[in-house]
Amino acid sequence: MSTYHREFRRSIEQPATFWAEQARRLPWFTPPTTILEYDEAGHARWFVDGELNICHAALDHHVEQGRGDQPAIFWDSPVTAAKRVITYAELRDQVAGFAGALKGLGVAKGDRVVIYMPMVPEALVAMYACARLGAVHSVVFGGFAPHELAVRIEDAEPRVVVAASCGVEVDRVLPYKPIIDAAIEQSRYKPEACVVLQRDQHRAELGPIDHDWTALVEKAEPADCVPVRGSDPLYVLYTSGTTGKPKGVVRDTAGYAVALHYSMETIYDMAPGEVFFSASDVGWVVGHSYIVYAPLLRGCTTVVYEGKPVKTPDAGAFWRLIAEYRVKSFFTAPTAFRAIKKEDPDGKLLGQHDISCLKALFLAGERLDPPTFHWLDDLLDVPVIDHWWQTETGWPIAANLQGLEPMPTRAGSATVPVPGFDVQILDREGELAAAMEQGSVVIKQPLPPGCLVGVWRDPQRFHSAYMAAFPGYYLTGDGGYFDEDGYLFIMGRTDDVINIAGHRLSTGEMEEVVGAHPAVAECAVIGIHDALKGQLPVGLVIPKDGFDGDEVALEEALIALVREKIGPIACFKQVLVVDRLPKTRSGKILRKLLRSIADGKEYGVPSTIDDPASLQDVHEAMKARSVGAAHDARQV
632 MSTYHREFRR SIEQPATFWA EQARRLPWFT PPTTILEYDE AGHARWFVDG
682 ELNICHAALD HHVEQGRGDQ PAIFWDSPVT AAKRVITYAE LRDQVAGFAG
732 ALKGLGVAKG DRVVIYMPMV PEALVAMYAC ARLGAVHSVV FGGFAPHELA
782 VRIEDAEPRV VVAASCGVEV DRVLPYKPII DAAIEQSRYK PEACVVLQRD
832 QHRAELGPID HDWTALVEKA EPADCVPVRG SDPLYVLYTS GTTGKPKGVV
882 RDTAGYAVAL HYSMETIYDM APGEVFFSAS DVGWVVGHSY IVYAPLLRGC
932 TTVVYEGKPV KTPDAGAFWR LIAEYRVKSF FTAPTAFRAI KKEDPDGKLL
982 GQHDISCLKA LFLAGERLDP PTFHWLDDLL DVPVIDHWWQ TETGWPIAAN
1032 LQGLEPMPTR AGSATVPVPG FDVQILDREG ELAAAMEQGS VVIKQPLPPG
1082 CLVGVWRDPQ RFHSAYMAAF PGYYLTGDGG YFDEDGYLFI MGRTDDVINI
1132 AGHRLSTGEM EEVVGAHPAV AECAVIGIHD ALKGQLPVGL VIPKDGFDGD
1182 EVALEEALIA LVREKIGPIA CFKQVLVVDR LPKTRSGKIL RKLLRSIADG
1232 KEYGVPSTID DPASLQDVHE AMKARSVGAA HDARQV
């Protein structure tokens, strides 16, 4: 039996013993005696009676062990022409100071703090400061519109909002304070205070509840780490659901810390003192796990990058960062390399940089399409590794484990399940699928440490969204299959959540926005294949009877409305006005069929369709407007 299979089998057959061994590698205030237990609903809970603090484990502990002078953060911001190196000791002191500032505003264990910041070191300081106090942070991506921020403020009910005065893009400066003010005005819940980090590129005008970050820290007393129970929440991170209301994924403290520490060694092959670079954002789960927490728990250095894969200044930006900071493992989304390939198809810019330090390239956030895999595999002399996970799991479900037993890669596959994840494929009847047979990808209980422990303030939604479809299993919402050798292939979502450049967004939420326009009678938003971003949304709209306005103006208005309500991150740029939508006799819009047409796939007319001619009408409309590959689709 191979090293991988031996470790995987032990993690599944003896989960409590396996994870107790991993837990002993962290610095606890009170080591846990109860490793695994189940709540009343039968969901796994890990290390419930242990006490620790993830800030202490990631910062104070390493300073005490002699790593105080080692860089914790390399910050690189080509959009502001700035760089900083922050050591472990300096970061600990900055975190303790800001934690004291939050404490002075009344933030205590269990309180929530919403963080709305760009990729600056202070974003990490704010997150660790919350953890230091035992407060629960909820980071919102800086590109989200006021409505989206308001929804999250209303749900999390934060005592304080922490923000920067602006974000800086390649071609513009985006003031954050007007967005925050509008969000607070829209929210029924009102935070008590807002702390603003003033940036030179744009200084915000402060209001009655606002505090200047620097001034607040200067008068604060540094705060010590507060012991928290292993099961206490560390953060709430909102992910798009199939309804308009986002789900607040709740992450516990100890299980997350144990899982991340294990993953850094086993999956990413990282040792203390080495440099890890994840090109993501702190607003997403990748940023939480592999920019903020995992590298520092392991004693590594993390690269915090405020820039893009291209145009900062060119498509060689990633190669420059890897060479300059001697990065050992690099992690980003496939869409980043599709953008790089578009601008530098022959990879000539790579030749300008010495990246001999790089040992592995990891990609996740969306399926790594075979053309991009082969382009990278031909370009680089290191393993190109597709690995698969979700906001809900917090760390990889399937990967090619470089620190345990590297395996040959296969295009289109995330390789094998990570120890702890009992991944299975079930057919429609809930029976185990055979090799090569596609079905619903599920994870048998217990979920390993680090996965979500609930949906914020909505336990019923946690159960119905993830656990109810197949009792005893967590439903990933993805479809896929195992091949004859046990390699896992993930083929895409089975619901209406689409993946845009690695970011999960709900088409249902977009439909809610489009459908609210007074001229719209009915609509559908589908995700179609896009060579660069993975998927893009397209809206199909039926105007209300009697509508005699300008269709072009309506389309432009709907695009602007989605941009306002959800944000430019939605990439909602194409709307088709149609006379009717194909539906079943029960009134369900045939979205899967619409996606097949838009993606150029052969399609048949289902027996349940109410009006077969509607399908042809929509197909012709898609072809006329050059939607996706609809011109190649044909009826069979």
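Oh and the sequence shown: position 178 is 809 in this note's numbering, straight run, nothing missing. Note that CB positions come from ideal geometry on N, CA and C, so glycine has one too. For clarity, every value in this text was computed on a predicted model and none was experimentally measured.
- If you compare the alpha carbons of A813, R803, W844, K850 with that of Q832, the shortest gap goes to R803.
- Residue pairing by DSSP puts K878 in a beta bridge opposite T870.
- The DSSP assignment places 932 to 936, 960 to 963 as complete runs of the beta strand (DSSP E) inside the region 913 to 975, in order along the chain (cut-off: 3 residues).
- Taking the Cα of Q1091 as reference, the smallest distance to any Cα among A1029, V782, G879, Q696 is reached at G879.
- Contact between the region 925 to 932 and the region 1062 to 1072 is not established, with fewer than three Cβ pairs separated by less than 8 Å.
- For V1086, same chain residues with a beta-carbon under 8 Å away, outside a window of 5 residues either side, are K878, G879, V880, V881, R1092, F1093, A1096 in chain order.
- According to the DSSP secondary-structure assignment, W1006 is paired through a beta bridge with no residue.
- DSSP, read as helix, strand or coil, puts D812 in helix.
- Cβ neighbours of D1058 within its own chain (closer than 6 Å, five residues either side excluded): A1064, G1070.
- The beta carbons of L780 and I811 sit about 7 Å from each other, so the pair counts as a contact at 8 Å.
- Rounded to whole angstroms, the separation of the alpha carbons of A1152 and L1119 is 42 Å.
- With a threshold of 16 other beta carbon atoms within 10 Å, D883 meets it and is buried.
- Here F1178 is not near V1193, since their CB atoms are 8 Å or more apart.
- G1170 carries a strand assignment under DSSP once its states are collapsed to helix, strand and coil.
- By the neighbour-count definition (other C-beta atoms within 10 Å, threshold 16), T661 is an exposed residue.
- Among the bridge pairs identified by DSSP, L1119 is matched with T1046, F1113.
- For Q645, the number of other beta carbons within 10 angstroms of its own is below 16, and it is reported as exposed.
- About 18 Å separates the Cβ atoms of A948 and K959, ruling out a contact at the 8 Å cut-off.
- In this structure, DSSP gives H833 an extended state, which the three-state scheme calls strand.
- Beta-bridge analysis with DSSP links I1157 to V1169.
- In the three-state reduction of the DSSP assignment, W650 falls in the helix class.
- Just so you know, the alpha carbons of E1036 and A1201 end up roughly 38 Å apart.
- Residue nearest to V848 within the set R763, V726, A766 is V726 (criterion: CA-CA distance).
- Around the beta carbon of G1025, a 10 Å sphere encloses 16 or more other beta carbons of the protein chains shown; the residue is thus reported as buried.
- Counting only runs of 3+ residues, the beta strand (DSSP E) found wholly inside the region 1206 to 1266 occupies 1206 to 1208, in chain order.
- The beta carbon of R1265 sits closer than 7 Å to the beta carbons of E1233 from its chain, once the five residues preceding and following it are set aside; these are given in chain order.
- If you draw a straight line from the Cα of R830 to the Cα of C797, it is about 7 Å long.
- In the three-state reduction of the DSSP assignment, K1204 falls in the coil class, being assigned neither a helical nor a strand state.
- DSSP places D724 in the uninterrupted alpha helix (DSSP H) bounded by 719 to 735.
- Per DSSP, reduced to three states, the secondary structure at E1023 is coil, with no helix or strand assignment.
- F962 is a Cβ neighbour of Y921, given a cutoff of 8 Å.
- K972 is classed as buried because its beta carbon has at least 16 other beta carbons within 10 Å across all chains shown.
- A Cβ-Cβ contact shorter than 8 Å links R860 with V679.
- By a beta-carbon distance limit of 8 Å, A824 contacts V791. Their separation comes to about 5 Å.
- The alpha carbon of G904 has as its nearest neighbour, out of W706, D700, G1198, the alpha carbon of D700.
- G1081 is a Cβ neighbour of Y887, given a cutoff of 8 Å.
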